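Asks: Take this structure first; my questions come after.
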Amino acid sequence: MAAANAKPSQSPARQAGAYQPRAGRIAIRDLTPRQPEDLWPAKAFVGEVVPFGATVFMEGHELLAVELLLTDPDGTQQRHRMSQGAPGTDRWHTEVQLEAPGTWLWSVQASVDAWQTWLHNAEIKIPAGIDAVLMADEGAALLAAASAADPGNTVLMDAAASIAKRSSSPAKRLAAARDPRVAAELEKAHDGTTRRLSTLSLPNTLRVERARAAVGSWYEFFPRSEGAKQRKDGSWKSGTFRTATRRLPAIAGMGFDVVYLPPIHPIGTSYRKGPNNTLDAGPNDPGSPWAIGSPDGGHDAVHPDLGTISDFSAFVAAAKKNGLEIALDLALQCSPDHPWVTEHPEWFTTRVDGSIAYAENPPKKYQDIYPINFDNDPQGLRDEVLRVVEHWIGLGVRIFRVDNPHTKPLRFWEWLLHEVDAKHPGVVFLAEAFTRPAMLRSLAQVGFHQSYTYFTWRNTKLELEEYLAELSHDTSDYLRPNLFVNTPDILTEYLQFGGPAAYKVRAAIAATAAPSWGVYSGYELFEDVARPGSEENIDNEKYEYRPRDWAAAEAEGRSLAPYLATLNKARAEHPALRQLRNLEVHWSDDEAILVYSKHLDGQYVRSGKPDGVIVVANLDPHAVRETMVHLDTTRLGIEPGTPFTVTDLVTKQKFRWGSDNYVRLDPFTEPVHILSVDYSSIGRDSMGGTR
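Each residue of the sequence shown is one higher than the last, beginning at 1 in UniProt numbering.
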């Protein structure tokens, strides 16, 4: 029992101090863009049209004014009026095209718009004769205060005088208040005379990166195969950086702007893999480039067969002259012959028998590769990897494609990418993250600029509709997809058995659905034979030289190169295709006909004209499909029921379209419509007259 003279204990609120509400006077919630948990800033890229949104509301029936306050990296603040979305949702939004790289700050400001609230009520009450004179007097008082705060504004002065005239009828006084010039002048004011209870959200950060961080057409090839020749004795002479340079004009001619090179480093000989991943490599087998390291060096060296560091620099310079950037593979793993194995055995995992654990992805075994253990000496590894990356940055590399990042600690990547960005802004990292969704998304969240995706395995209409919507809307604040159609490791059943039509379909979707896409060389030649029981090409280039006769294939009409060039030309000419968040799925009556569009308003296009592209793809590579396509034309900036002309960017055919359209797609000719909208034709009939 407590003592009689004990003092009463203080309440928790008194002990901790007065509670501070987190809700503002006007509620501003659910701001976007942002990352889940707000651990890292949301991302955008230079030239991207970014949608900003917030849920804004308060009690009662007052009308609100909501603005986006956006501060660029130089400290200049912009104001953008936000508009209400669907009625009843309290969702406000605006779009802004961001043109400067760096860190942007943004907030949402909301206030009661006393003038619009009064005007709304007056337009109901005064015509109905409800407190008509009083309502007019209240409006006059509001406008008088606004005019007094801006004494040189004749529009407000004249309107205030007209509304204050009690000799005029309430209806005439209301008519003066309806003058649109009054609303326009009040829109400029932020002095509190007609805006009340101003509330500002907490600041948010948006990281804007260079355009290449999100926009690019990638082409992957092995330098050692370009110019490789087989000698009479069966041995091979490797291609070099010099012979690979000859391929660059053709790659640029197809419209690609990034050349991705698999590892170019010395390759180990211990447990070297032979053709088709066999364990019995012969003396002439080059081994997998991903088995990095030999007595000739490690991650900071080039394979002697390819040339020297000077030769590599010349290759980078030649690429630049062709309008190409080089993306270099960053594969943090080693062959048993890598210098790190003897110099830093603590960087690997030692098994109980004393051996070093090799890489496995059961049932696959990679005896020629040692994974790195990031826990034994994390600081030493950090320092070394940063040194390697900066070594290649010093040689002109500004893009890294990272091999298997999901097998390394997330914390390591967060540190490395932010460290590199602080020292070398504009360096781009692509995550080859074929892994579970949580890791794939988290790699993007901690800093990776682009990511491989599950696109390769999304082939049905429903799969593609759902996945493209996810990439363009659900995860677009932080994850940027690079839609590679194939890789040295991936040859899907759709490509194995779909013939040339499948190759066209997949390339068309990849090139139009996302700002970044890519192909691995050989795609142009419809290389579709898989190693039995796998999704890999037979006679895989990872394990042997694979010279190709590009000229002969094109001369004989066996090359997809002209089609790839057409796709990249469309991307170059249509800025809507270089945006991520603007993809909208439409409908067809056929389970194999995929329909989507991309639209960009004219204010965001250099020409000042809107840009719209409609993609209609027959996903069945074996049969002609006929169906009706149904468009929500408002997603293209066109009123429902209004006709317009579209031009197929592949065949150059013109069609008159509207909300409902018949299509026939033949996989043996052209399985995909890529249709450019002619906005000058909207509402005109086939003879050029207006409808």
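Each residue gets a CB set at the ideal place from its N, CA and C atoms; glycine is no exception.
Predicted model, so just to flag it, every value in this text is computed and none were measured.
#1: Could you tell me the boundaries of the beta strand (DSSP E) in which residue 694 lies?
#2: Taking DSSP's pairing of strands, which residues face isoleucine 356 in a bridge?
#3: Could you check whether the Cβ of lysine 43 sits closer than 7 Å to any heavy atom belonging to the ligand NAD?
#4: Which ranges does the beta strand (DSSP E) cover as unbroken runs of at least 3 residues, wholly within the stretch 605 to 646, from first to last along the chain?
#5: With respect to the beta strand (DSSP E) encompassing aspartate 368, which residues constitute its N-terminal and C-terminal limits?
#6: How about leucine 567 and alanine 508: do their beta carbons lie closer than 8 Å?
#7: Using the three-state DSSP reduction, which class does proline 671 fall into: helix, strand or coil?
#8: From Ser659, Val663 and Leu636, pick the residue whose C-alpha is nearest to that of threonine 627; which is it?
#9: What separation, rounded to the nearest whole angstrom, lies between the Cα atoms of lysine 654 and glutamate 432?
#10: Would you check if the distance between the CB atom of phenylalanine 429 and the CB atom of phenylalanine 400 is smaller than 8 Å?
#11: Just mark valine 498 as buried or exposed, buried being the case when its beta carbon has 16 or more other beta carbons within 10 Å.
#12: In this structure, what does DSSP give as the bridge partners for tryptophan 517?
#13: Quick check on this structure: which residue in Thr642, Arg625 and His473 has the alpha carbon closest to the alpha carbon of aspartate 632?
#14: Taking the CB atoms as reference points, tell me whether leucine 248 and leucine 324 lie closer together than 8 Å.
#15: Short of 6 Å in beta carbon distance, which residues of its chain neighbour leucine 200, apart from the five on each side in sequence? Order them along the chain.
#16: Taking DSSP as the reference, what is the three-state secondary structure of lysine 320?
#17: Which term fits alanine 357, buried or exposed, when burial requires 16 or more other beta carbons within 10 angstroms of its beta carbon?
#18: Please return the same chain residues whose Cβ sits closer than 8 Å to the Cβ of valine 672, not counting the five positions on each side in sequence.
#19: From Asp590, Pro289, Pro575 and Thr243, pick the residue whose C-alpha is nearest to that of valine 613; which is it?
#20: Closest by CA to histidine 424, which one among Asn277, Val389, Ile369 and Pro51?
#21: Around the C-beta of threonine 350, are 16 or more other C-beta atoms found within 10 angstroms, so that it is buried, or is it exposed?
#22: How many Å lie between glycine 354 and aspartate 296 at the Cα?
#23: Could you say if the stretch 76 to 86 and the stretch 112 to 128 meet the contact criterion of at least three C-beta pairs nearer than 8 Å?
#24: State the start and end residues of the unbroken beta strand (DSSP E) segment that holds glutamate 554.
#25: So the alpha helix (DSSP H) tryptophan 682 belongs to, where does it begin and stop?
#26: Find out if the Cβ-Cβ distance for the pair serine 235, alanine 228 is shorter than 8 Å.
#27: With a threshold of 16 other CB atoms inside 10 Å of the CB of lysine 542, please say whether the residue is buried or exposed.
#28: Buried or exposed for isoleucine 124, going by 16 or more other Cβ atoms inside 10 Å?
#29: Let's see if you can read the secondary structure: which residues bound the beta strand (DSSP E) around tyrosine 662?
#30: From the DSSP secondary-structure annotation, give me the bridge partner or partners of residue 698.
#31: Could you say if the stretch 201 to 215 and the stretch 447 to 461 meet the contact criterion of at least three C-beta pairs nearer than 8 Å?
#32: Taking all protein chains shown into account, do 16 or more other C-beta atoms lie within 10 angstroms of the C-beta of arginine 578, making it buried, or fewer, making it exposed?
#33: What residues match up with serine 451 in a beta bridge as DSSP calls it?
#34: Let's test the definition: count the other Cβ atoms within 10 Å of the Cβ of asparagine 5 and tell me whether it reaches 16, buried, or not, exposed.
#35: Specify whether the stretch 528 to 536 and the stretch 584 to 591 touch according to this definition: at least 3 beta carbon pairs, one from each stretch, less than 8 Å apart.
#36: Can you tell me where the alpha helix (DSSP H) holding proline 437 begins and where it ends?
Replies: This is what the structure gives:
#1: This structure does not reach residue 694, given that the chain is present from 1 up to 691, and the question cannot be answered.
#2: Position 356 of the sequence shown, counted from the start, is the residue given in the question as residue 356. Bridge partners of isoleucine 356: Thr350.
#3: This structure lacks the ligand NAD, and indeed carries no ligand of any kind.
#4: DSSP runs (the beta strand (DSSP E)) wholly in the stretch 605 to 646: 611 to 618 and 625 to 630.
#5: As a first step, residue 368 must be located in the sequence shown, where it is residue number 368. It is not in any beta strand (DSSP E) - aspartate 368 carries neither H nor E in the DSSP assignment.
#6: As a working note, residue 567 is residue 567 in the sequence shown. As a working note, residue 508 is residue 508 in the sequence shown. Annotated as proximal: leucine 567 and alanine 508, with beta-carbon spacing under 8 Å.
#7: Start at 1 with the first residue of the sequence shown, and residue 671 comes out as number 671. Here proline 671 sits in coil by DSSP.
#8: Position 627 of the sequence shown, counted from the first residue, corresponds to residue 627. When each option's Cα is compared against that of threonine 627, the closest is Val663.
#9: Looking up residue 654 in the sequence shown gives position 654. Looking up residue 432 in the sequence shown gives position 432. The C-alpha of glutamate 432 is placed about 40 Å away from the C-alpha of lysine 654.
#10: As a first step, residue 429 must be located in the sequence shown, where it is residue number 429. As a first step, residue 400 must be located in the sequence shown, where it is residue number 400. Closer than 8 Å, so yes.
#11: Taking the sequence shown and counting its residues from 1, one reaches residue 498 at position 498. Residue identity differs from the one stated: residue 498 is glycine in this sequence, not valine. So glycine 498 ends up on the buried side.
#12: Taking the sequence shown and counting its residues from 1, the one referred to as residue 517 is at position 517. Answer is Ser217 and Leu483, bridged to tryptophan 517.
#13: Walking along the sequence shown from the start, residue 632 turns up at place 632. Here the closest residue by C-alpha is Thr642.
#14: On the sequence shown, position 248 is the one that residue 248 refers to. On the sequence shown, position 324 is the one that residue 324 refers to. Leucine 248 is a Cβ neighbour of leucine 324, given a cutoff of 8 Å.
#15: Within the sequence shown, residue 200 is the residue found at index 200, counting from 1. So the qualifying residues of the chain are Ser107 and Gln109.
#16: Here residue 320 refers to the residue found at position 320 of the sequence shown. Collapsing the DSSP output to three states places lysine 320 in a helix.
#17: As a first step, residue 357 is located in the sequence shown; it is residue number 357 there, counting from the start. The residue in question, alanine 357, is exposed, as its Cβ has fewer than 16 Cβ neighbours within 10 Å.
#18: Within the sequence shown, numbered from 1, the residue matching residue 672 stands at position 672. Excluding residues up to 5 positions away in sequence, Lys504, Val505, Ala508, Ile509, Val615, Val616, Ala617, Asn618, Val650 and Leu665 lie with their Cβ nearer than 8 Å to the Cβ of valine 672 in the same chain.
#19: The count along the sequence shown starts at 1 and reaches residue 613 at position 613. Checked all of Asp590, Pro289, Pro575 and Thr243; the closest Cα to valine 613 is Pro575.
#20: For the purposes of this step, residue 424 is identified with residue 424 of the sequence shown, where counting begins at 1. Nearest in C-alpha terms to histidine 424, of all of Asn277, Val389, Ile369 and Pro51, is Val389.
#21: Position 350 of the sequence shown, counted from the start, is the residue given in the question as residue 350. Taking every protein chain shown into account, the CB of threonine 350 has fewer than 16 other CB atoms within 10 angstroms, so this residue is exposed.
#22: Reading the sequence shown from its first residue, position 354 is the one you call residue 354. Reading the sequence shown from its first residue, position 296 is the one you call residue 296. Annotation: glycine 354 to aspartate 296 spans about 26 Å, alpha carbon to alpha carbon.
#23: With a cut-off of 8 Å, the stretch 112 to 128 and the stretch 76 to 86 do not count as touching, because too few Cβ pairs lie within range.
#24: Along the sequence shown, read from residue 1 onward, the residue named residue 554 stands at position 554. DSSP places glutamate 554 outside any beta strand (DSSP E); the residue lies instead in the alpha helix (DSSP H), whose first and last residues are 550 to 555.
#25: Stepping through the sequence shown from its first residue, residue 682 is reached at position 682. Rather than tryptophan, the amino acid found at residue 682 in this sequence is isoleucine. Neither: isoleucine 682 is in no alpha helix (DSSP H) and is coded neither H nor E.
#26: As a working mapping, residue 235 is identified with position 235 in the sequence shown. As a working mapping, residue 228 is identified with position 228 in the sequence shown. With respect to alanine 228, serine 235 sits apart: the two C-beta atoms are not nearer than 8 Å.
#27: Walking along the sequence shown from the start, residue 542 turns up at place 542. Counting Cβ neighbours within 10 Å, lysine 542 comes out buried, since at least 16 surround it.
#28: Here residue 124 refers to the residue found at position 124 of the sequence shown. With fewer than 16 Cβ atoms within 10 Å of its Cβ, isoleucine 124 is classed as exposed.
#29: Numbered from its first residue, the sequence shown carries residue 662 at position 662. 660 to 665 is the extent of the beta strand (DSSP E) around tyrosine 662.
#30: Since the displayed the chain opens at 1 and closes at 691, residue 698 lies outside it and no answer follows.
#31: With contact defined as three or more Cβ pairs closer than 8 Å, the stretch 201 to 215 and the stretch 447 to 461 are in contact.
#32: Along the sequence shown, one-based indexing puts residue 578 at 578. Looking at its Cβ environment, which holds 16 or more other Cβ atoms inside 10 Å, arginine 578 is buried.
#33: As a first step, residue 451 is located in the sequence shown; it is residue number 451 there, counting from the start. Under DSSP, serine 451 shares a beta bridge with Ala431 and Pro481.
#34: In the sequence shown, the residue the question calls residue 5 occupies position 5. Bear in mind that a pLDDT of 48 at asparagine 5, under 50, signals an unreliable position, so the model cannot answer this.
#35: Contact fails: fewer than three Cβ-Cβ distances are below 8 Å.
#36: Residue 437 sits at position 437 when you count from the first residue of the sequence shown. DSSP places proline 437 inside the alpha helix (DSSP H), whose first and last residues are 437 to 446.
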